[in-house]
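Please read the structure below before turning to the comments.
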Amino acid sequence: MILLHILTPLENLLRDVLKWLGPHGTIGLSWAWSIVALTVIVRLILVPLTVRQIHSMQNLQRHAPQMKELQKKYKTDKKRQQEELMKFYKENNINPASSCLPLLAQFPVFISLYLVLKHFPHLPGDNLEWLGLWNITDKASAGWGPVLVAVYAASQLASSYFMSATAEKSQRILLLVLPIAFIPFIINFKVGLVLYWMTTNLWTVGQGLVTRRLMPRPAAPEKRSSRTPPKEVAPAVAPEPATEPAKPSQPRKVKRKKGGARR
Amino acid sequence: MRLALRAPAYLGLGLVHAWRWSFGLLSHGSCKYHPTCSQYALDALRQYGLVRGSLLAGWRLLRCNPWSRGGVDYAHDQRLFR
Numbered sequence: 001m002i003l004l005h006i007l008t009p010l011e012n013l014l015r016d017v018l019k020w021l022g023p024h025g026t027i028g029l030s031w032a033w034s035i036v037a038l039t040v041i042v043r044l045i046l047v048p049l050t051v052r053q054i055h056s057m058q059n060l061q062r063h064a065p066q067m068k069e070l071q072k073k074y075k076t077d078k079k080r081q082q083e084e085l086m087k088f089y090k091e092n093n094i095n096p097a098s099s100c101l102p103l104l105a106q107f108p109v110f111i112s113l114y115l116v117l118k119h120f121p122h123l124p125g126d127n128l129e130w131l132g133l134w135n136i137t138d139k140a141s142a143g144w145g146p147v148l149v150a151v152y153a154a155s156q157l158a159s160s161y162f163m164s165a166t167a168e169k170s171q172r173i174l175l176l177v178l179p180i181a182f183i184p185f186i187i188n189f190k191v192g193l194v195l196y197w198m199t200t201n202l203w204t205v206g207q208g209l210v211t212r213r214l215m216p217r218p219a220a221p222e223k224r225s226s227r228t229p230p231k232e233v234a235p236a237v238a239p240e241p242a243t244e245p246a247k248p249s250q251p252r253k254v255k256r257k258k259g260g261a262r263r
Numbered sequence: 264m265r266l267a268l269r270a271p272a273y274l275g276l277g278l279v280h281a282w283r284w285s286f287g288l289l290s291h292g293s294c295k296y297h298p299t300c301s302q303y304a305l306d307a308l309r310q311y312g313l314v315r316g317s318l319l320a321g322w323r324l325l326r327c328n329p330w331s332r333g334g335v336d337y338a339h340d341q342r343l344f345r
């Protein structure tokens with residue numbers, strides 16, 4: 001209960017934004033489309049975060065062969081393996097892609113939106129339908145709801161596919177099974193909430209597609225030759241010569257800076 | 264008496280486990296820190312109780328952002344409470 005009170009400001013904020021987007025607000029979208037718009041706004045705010053994440057993901061992929069070797073070396077000792085990996089990250093200036101905060105940050109938004117939909121700020125006679133098939137305040141199990149849930153599950157599958165590019169195989173399988181395991185819960189949510197989740201997943205998929213297009217480009221400066229196609233060179237040959245000369249040069253720079261600051 | 268003092272921490276432990284078995288599964292078990300944030304939260308709650316443990320776990324979560332470096336970071340190595 002206390003936790004729900006903590007979320008009240010966020011709930012109010014979401015409700016205000018929805019009202020602003022909604023049929024009686026400045027923008028004047030229908031309620032269903034304002035939920036879609038709200039989702040897009042939330043994801044737009046998260047874009048700098050995502051860009052950062054994509055950069056570190058590319059960095060990770062560049063160092064993948066060395067990391068696989070480390071993983072093989074400490075195959076039996078999982079704890080040691082993890083600690084060695086962390087050391088490797090630090091030595092090579094890698095910022096691991098996944099961090100807990102972005103995922104956790106979406107959780108309060110999700111719960112707040114659930115609460116907003118529970119007492120939806122619509123007036124009698126408002127149009128609550130989306131594409132003429134779904135009423136956003138209905139349960140997803142009613143009418144055409146299950147179709148939307150199926151689309152949601154597909155979007156979740158697709159987004160996990162992009163999000164788990166660096167994950168292990170067993171984790172990937174788990175990620176692909178989860179959306180199906182979640183269906184019994186999700187079918188009891190309001191259509192509006194499913195709409196939010198579906199939109200956010202589709203956004204992730206779109207981002208994944210755009211990143212795939214852009215993926216080979218940042219690998220090029222590592223080699224410093226614009227003529228060679230980075231895709232072929234990067235995985236096998238590039239990392240070792242690229243990282244080794246970088247090591248001695250970095251500490252030197254740091255030392256100079258420190259000395260200068262003290263004086 | 265000791266158990267009564269510890270009881271509130273179990274509330275926190277329960278919440279962390281609930282997270283782990285719901286949305287936590289989606290995070291494909293890779294945190295930039297070792298141990299992971301949820302494991303850190305469990306350790307912190309067990310060692311420092313609900314209030315201090317929650318503060319430590321919250322601070323760890325804030326540190327676990329895309330701009331931080333990550334690394335090995337155990338709950339018992341904390342320097343907030345001595």
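Sequence lines, in order, name chains A and B.
So the first sequence is residues 1 to 263, counted in this note's numbering.
So the second sequence is residues 264 to 345, counted in this note's numbering.
Idealized CB from N, CA, C, for every residue including glycine.
Treat the numbers as computed from the prediction; the structure is a model and nothing was measured.
In this structure residue 332 (chain B) is not in contact with residue 79 (chain A), their Cβ atoms being roughly 20 angstroms apart against a cut-off of 8 angstroms. Residue 85 (chain A) places its beta carbon less than 9 angstroms from that of residue 70 (chain A). By the C-beta criterion, the stretch 48-58 of chain A is judged not to be in contact with the stretch 139-147 of chain A, since fewer than 3 inter-stretch pairs fall below 8 angstroms. Between residue 323 (chain B) and residue 337 (chain B) the beta-carbon gap is near 11 angstroms, outside 8 angstroms, which marks them as no contact. Residue environment for residue 311 (chain B): buried (at least 16 other C-beta atoms within 10 angstroms of its C-beta). DSSP places residue 307 (chain B) in the uninterrupted alpha helix (DSSP H) bounded by 300-326. Using a CB distance cut-off of 9 angstroms, residue 325 (chain B) counts as an interface residue toward chain A.
Counting only unbroken stretches of 4 or more residues, the alpha helix (DSSP H) elements lying wholly within the stretch 23-93 of chain A are 31-45, 47-62, 64-73, 78-91, in sequence order.
Between the C-alpha atoms of residue 328 (chain B) and residue 299 (chain B) there is a straight-line separation of about 13 angstroms. Counting C-beta pairs with one atom in each stretch, the stretch 314-321 of chain B and the stretch 37-44 of chain A have fewer than three that are closer than 8 angstroms, which means they do not touch. Per DSSP, the unbroken alpha helix (DSSP H) holding residue 110 (chain A) starts and ends at 100-118.
Taken atom to atom, the span from the alpha-carbon of residue 203 (chain A) to that of residue 172 (chain A) is near 20 angstroms. With respect to residue 103 (chain A), residue 344 (chain B) sits apart: the two C-beta atoms are not nearer than 9 angstroms. For residue 322 (chain B), no Cβ of chain A is located within less than 9 angstroms of the residue's own Cβ. Between residue 134 (chain A) and residue 30 (chain A), the gap from beta carbon to beta carbon reaches 9 angstroms or more.
The beta-carbon distance between residue 297 (chain B) and residue 83 (chain A), rounded to whole angstroms, is 6 angstroms. This is short enough to meet the 8 angstroms contact definition. Between the C-alpha atoms of residue 106 (chain A) and residue 196 (chain A) there is a straight-line separation of about 11 angstroms.
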